[in-house]
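This report refers to the structure that appears directly beneath it.
2 protein chains.
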Amino acid sequence: MATRTESVAAVCAAAKHASRLLATLDTQAKNDALERIAAGLEARVGEILEANLLDLEAGRESDLSTALLDRLALDERRIAAMAAGVRQIIALPDPVGEVVDGFRRPNGLEIRKVLVPLGVIAVVYEARPNVTIDAAALCLKSGNAVVLRGSSSATRSNAVLAQIAAQAAPAGAISILHGRDELTELVTQTAHVDLVIPRGGEGLKAALMEHATVPVIYAASGNCHVYVDSAADLQMASEIAINAKVQRPGVCNAAETLLVHREVAAAFLPQIARDLTAAGVELRGDEPSRELVPAMVEASEADWDTEYLALTLAVRVVDSLDEAIAHVQRHGTGHSEAIVTRDRAAARRFQREVDAACVYVNASTRFTDGGEFGMGAEIGNSTQKLHARGPIGLRELCTFKYLIEGDGQVRS
Amino acid sequence: MATRTESVAAVCAAAKHASRLLATLDTQAKNDALERIAAGLEARVGEILEANLLDLEAGRESDLSTALLDRLALDERRIAAMAAGVRQIIALPDPVGEVVDGFRRPNGLEIRKVLVPLGVIAVVYEARPNVTIDAAALCLKSGNAVVLRGSSSATRSNAVLAQIAAQAAPAGAISILHGRDELTELVTQTAHVDLVIPRGGEGLKAALMEHATVPVIYAASGNCHVYVDSAADLQMASEIAINAKVQRPGVCNAAETLLVHREVAAAFLPQIARDLTAAGVELRGDEPSRELVPAMVEASEADWDTEYLALTLAVRVVDSLDEAIAHVQRHGTGHSEAIVTRDRAAARRFQREVDAACVYVNASTRFTDGGEFGMGAEIGNSTQKLHARGPIGLRELCTFKYLIEGDGQVRS
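Just so you know, the sequences run in chain order A and B. The numbering of the first sequence is numbering that gives the first Met the number 0, which starts it at 0 and goes up by one. The numbering of the second sequence is numbering that gives the first Met the number 0, which starts it at 0 and goes up by one.
The structure is reproduced here in structure tokens:
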């Protein structure tokens with residue numbers, strides 16, 4: 000394994016070297032490189048599809064699930080969407096150099112706190128080949144070098160995409176690794192890599208927890224709740240619950256559990272159950288829910304902790320706001336939580352006491368998204384508390400430094 | 000070890016429970032608790048000194064170094080300073096609830112990004128017992144529960160101090176662990192602990208790198224440089240270099256290496272060498288420095304990477320600004336770096352290209368400090384890039400959440 004380890008270290012060292020140049024590039028130079036990536040994608044569609052076809056064939060031979068094959072598959076439309084995504088990133092403001100704070104001290108020192116690139120970011124991801132381009136473009140725009148580590152099932156597709164991106168950028172700025180063995184080497188390159196962002200399931204998270212010595216921001220799963228308070232507008236609650244569950248069930252900000260206050264359960268549950276069932280949702284309820292809607296499957300304890308990412312919804316009746324908050328605190332993953340209520344005090348308590356990246360009043364959890372927040376494209380959603388919480392956009396891919404200017408000040 | 004592990008987990012679970020209450024306390028309630036800590040320190044001076052005497056006796060018996068015994072020793076003055084420190088924290092603004100960003104989206108959603116406590120912070124520290132009070136007070140003011148883990152040599156002193164703090168705060172908000180074995184258990188309590196802040200040497204850092212699964216911010220060492228450019232005001236350069244080295248050599252923002260541009264070396268080095276030697280500083284120079292100041296000890300490669308924390312200074316002559324920046328990038332630890340120059344372009348390049356928390360132009364590196372930056376008391380200085388870089392004050396002990404309010408918005 001020595002050679003392989005050396006090669007991971009060499010790739011990361013080259014990325015570190017490139018990161019020094021990237022940090023000083025002006026916005027125009029970065030945008031020009033991004034435009035070369037977009038143009039490269041458009042010029043090399045045939046080559047990309049050819050590589051993707053080989054990945055798909057290999058995937059079928061190794062019995063990849065239909066869902067995974069679908070995530071892996073590219074077509075002209077998906078490639079055009081990648082190019083469009085890159086051009087959206089061109090249009091976003093450059094975060095590097097933004098003065099986020101500044102002050103003059105009594106002794107005359109002038110201090111500015113300024114956004115600067117992190118340096119080298121490793122992005123570890125599964126099936127979808129479009130992440131190769133998204134991640135490369137976001138890192139490039141934020142002045143970071145990136146080391147990509149895609150899944151083995153997408154090796155050929157990712158290799159072509161990464162080559163297109165790498166050729167458009169300064170040497171060493173964008174590179175890609177393949178295969179399982181290199182993960183541990185990559186996430187222990189503390190001398191060269193400043194941050195690891197994994198985009199994947201719990202298995203990947205567990206592997207990183209065990210091995211990573213480089214700091215990690217988990218773009219992790221979301222077990223999100225919609226709580227319908229006793230003072231809710233039930234029509235609004237119904238629209239929000241349906242949207243949060245049905246509009247795109249496979250994403251991390253979709254709702255997985257519906258909590259309903261006992262006082263409105265009889266008025267609310269039978270109708271929403273009909274609407275959700277009509278939309279193809281399977282409901283799993285606790286005892287009081289099933290008394291009102293006998294057709295529901297019985298929920299087990301495990302349901303409260305399951306991120307279905309599918310048209311399934313757990314349903315529970317709670318006796319109070321306190322019980323709703325306690326349920327969310329116990330079972331939530333700190334992603335996106337919503338209350339529907341007309342009661343100002345209940346809304347304030349829910350927002351104050353629920354410990355999550357995004358806490359909604361009278362809106363769908365589905366808005367947790369860099370684009371919806373006005374931050375532009377994102378590399379994922381962080382459910383941890385350090386550095387980035389919620390959407391990880393261009394500014395979250397930066398650190399800062401303090402620039403201090405004086406005229407000879409010394410400390411007494 | 001099962002019992003012990005259970006007890007660490009139990010302490011951390013109690014802290015997590017307390018953190019929910021702490022997050023909702025208003026500023027007055029937190030300040031009242033802080034005032035009780037200050038008053039408790041003043042009321043129980045005798046008891047603190049008695050416990051400290053036992054620690055000192057045990058330390059002498061186990062051949063603790065004079066330096067460590069000095070850091071361990073308390074007297075009435077030092078206890079009064081601790082109480083004064085707590086009252087300074089009372090006077091600082093409460094970071095919790097600060098709206099750091101906010102916007103209204105085209106669809107009418109109102110989004111606020113608001114500072115909130117991290118939750119539970121574990122602070123792992125060595126000898127100095129005053130850290131017990133500093134860390135407890137900073138965590139309390141920022142609405143966090145704290146689990147302290149002091150060194151075994153200060154067990155008795157820390158126990159009394161932590162008890163005084165704990166009695167003044169809500170149950171579970173402040174607790175203390177002792178002893179080596181518990182470190183691994185503490186830094187793997189991912190369910191209960193949100194952040195570990197180690198204050199200690201490289202050994203502690205290595206242990207945490209190996210074991211910690213909870214996120215860590217290293218309050219780490221500083222190998223800081225003062226670079227005297229060819230366009231420097233040499234009188235100013237002399238004052239800054241002397242201040243950065245001599246004013247308090249044992250701290251992380253003191254300078255460890257002086258870099259001097261060749262063009263001014265002959266005019267600058269002999270005089271500064273006399274001044275520094277007169278101030279008790281031992282100089283270790285490279286070949287060109289020693290040609291100008293033959294009395295210097297010869298520097299070895301290792302000197303460029305040594306944080307002396309003492310009256311020793313490495314000296315090197317460089318041919319250019321590029322060479323100075325390259326030296327800092329290679330040997331610096333990303334803490335505090337200074338250039339002395341009248342050349343605007345040189346100052347800008349140094350600030351842009353040096354990758355450190357604090358980059359100074361014409362000022363001493365000694366200003367890297369929460370108090371000097373106007374942030375108030377700090378728990379340490381971070382040399383890593385995620386979340387907190389530079390002084391770790393009250394705001395850096397917070398995370399944020401997005402509070403989103405709508406009137407029924409759903410995503411289409």
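Beta carbons: idealized from backbone N, C-alpha and C, even for Gly. Bear in mind the structure is a predicted one, so any value in this text is a computation, not a measurement.
Can you have a look at residue i and say buried or exposed, based on whether 16 or more other CB atoms are within 10 angstroms of its CB?
i                         : result
glycine 279 of chain A    : exposed
leucine 454 of chain A    : Because chain A in this structure spans residues 0 to 411, residue 454 of chain A falls outside the shown range and cannot be described.
leucine 40 of chain A     : buried
glycine 284 of chain B    : buried
alanine 355 of chain A    : buried
proline 390 of chain B    : buried
alanine 1 of chain A      : Any answer about alanine 1 of chain A is weak, because its pLDDT of 36 lies below 50 and its placement is not dependable; what the coordinates show is given next. That one is exposed.
glutamine 408 of chain A  : buried
valine 98 of chain A      : exposed
proline 214 of chain A    : buried
alanine 301 of chain B    : exposed
alanine 344 of chain B    : exposed
alanine 37 of chain A     : buried
glutamine 166 of chain B  : exposed
aspartate 318 of chain B  : exposed
arginine 388 of chain A   : buried
methionine 208 of chain B : exposed
arginine 347 of chain A   : exposed
In chain order, what residues of the same chain have a beta carbon less than 6 Å from the beta carbon of residue i, not counting five sequence neighbours either side?
i                         : result
proline 169 of chain B    : Ala17 and Leu20
glycine 142 of chain B    : Leu21, Ala22, Val95 and Pro116
arginine 70 of chain B    : Ala126 and Arg127
leucine 320 of chain A    : Ala345
asparagine 434 of chain A : No statement about residue 434 of chain A is possible, as the shown extent of chain A runs from 0 to 411 and does not include it.
leucine 194 of chain B    : Leu117, Ile120 and Pro214
alanine 164 of chain B    : Ile36, Ala135 and Ile173
For a quick check, are the C-beta atoms of residue i and residue j less than 8 Å apart?
i                         : j                         : result
asparagine 242 of chain B : serine 335 of chain B     : no
isoleucine 196 of chain A : histidine 386 of chain A  : no
glutamine 151 of chain A  : alanine 126 of chain A    : Residue identity check: residue 151 of chain A is serine in the sequence provided, not glutamine. Their beta carbons are not under 8 Å apart, which means serine 151 of chain A does not touch alanine 126 of chain A by this criterion.
glutamate 306 of chain B  : glutamate 255 of chain B  : yes
isoleucine 271 of chain A : serine 299 of chain A     : no
lysine 244 of chain B     : leucine 275 of chain B    : yes
threonine 212 of chain A  : threonine 189 of chain A  : yes
alanine 14 of chain B     : histidine 191 of chain B  : yes
proline 128 of chain A    : leucine 73 of chain A     : yes
serine 288 of chain A     : arginine 315 of chain A   : yes
isoleucine 444 of chain B : alanine 172 of chain A    : Residue 444 of chain B is absent from the structure shown; chain B starts at 0 and stops at 411.
leucine 291 of chain B    : alanine 265 of chain B    : yes
threonine 131 of chain A  : asparagine 157 of chain A : yes
glutamate 281 of chain A  : valine 296 of chain A     : yes
valine 358 of chain B     : lysine 400 of chain A     : yes
Among residues of its own chain, excluding the 5 on either side of residue i, which ones have a beta-carbon nearer than 8 Å to its beta-carbon?
i                       : result
arginine 148 of chain A : Ala121, Val122, Val123, Tyr124, Ile175, Leu176, His177, Glu181, Leu182 and Leu185
glycine 107 of chain B  : Gly405, Asp406 and Gln408
serine 61 of chain B    : Ser152
arginine 59 of chain B  : Leu68
Which residues in the same chain as residue i place their Cβ atom closer than 7 Å to its Cβ, once the five residues preceding and following it in sequence are excluded?
i                            : result
glutamine 383 of chain A     : Ile216 and Tyr217
lysine 204 of chain A        : Pro197, Tyr217 and Ala219
glutamate 46 of chain A      : Val159
threonine 137 of chain B     : The sequence given here has leucine at residue 137 of chain B, not threonine. So the qualifying residues of the chain are Ile88, Ala376, Ile378, Leu393 and Leu396.
proline 248 of chain B       : Leu308, Ala309 and Leu310
threonine 416 of chain A     : Nothing can be reported for residue 416 of chain A, as the shown portion of chain A is limited to 0 through 411.
phenylalanine 372 of chain B : Pro390
threonine 26 of chain A      : Asp93
Is any heavy atom of the ligand PLP found at a distance shorter than 7 Å from the C-beta of residue i?
i                      : result
glycine 149 of chain B : You won't find the ligand PLP in this model; it holds no ligand whatsoever.
Can you pull the chain E neighbours of residue i, defined as C-beta to C-beta under 7 Å?
i                      : result
glycine 389 of chain B : Protein chains in the displayed structure are A and B, and chain E is not among them.
Kindly provide the ranges of any beta strand (DSSP E) runs that are 3 or more residues long and lie completely inside the stretch 264-313 of chain B, ordered along the chain.
-> 281-284
Check whether the stretch 45-53 of chain A touches the stretch 227-239 of chain A, taking contact to mean three or more Cβ pairs, one atom from each stretch, closer than 8 Å.
-> no
If you pair each beta-carbon of the stretch 394-411 of chain A with each one of the stretch 321-339 of chain A, do three or more pairs fall below 8 Å?
-> no
May I have a chain-ordered list of the alpha helix (DSSP H) segments no shorter than 4 residues that lie completely inside the stretch 4-52 of chain B?
-> 26-42
Whole alpha helix (DSSP H) runs in the stretch 74-143 of chain B with 4 or more residues, listed along the chain?
-> 75-90 and 129-140
Starting from the N-terminal side, write out each stretch of the alpha helix (DSSP H) that is 4 residues or longer and does not extend beyond the stretch 330-395 of chain B.
-> 343-352
Can you list, in chain order, the stretches of the beta strand (DSSP E) that have 3 or more residues and sit fully within the stretch 195-228 of chain A?
-> 223-227
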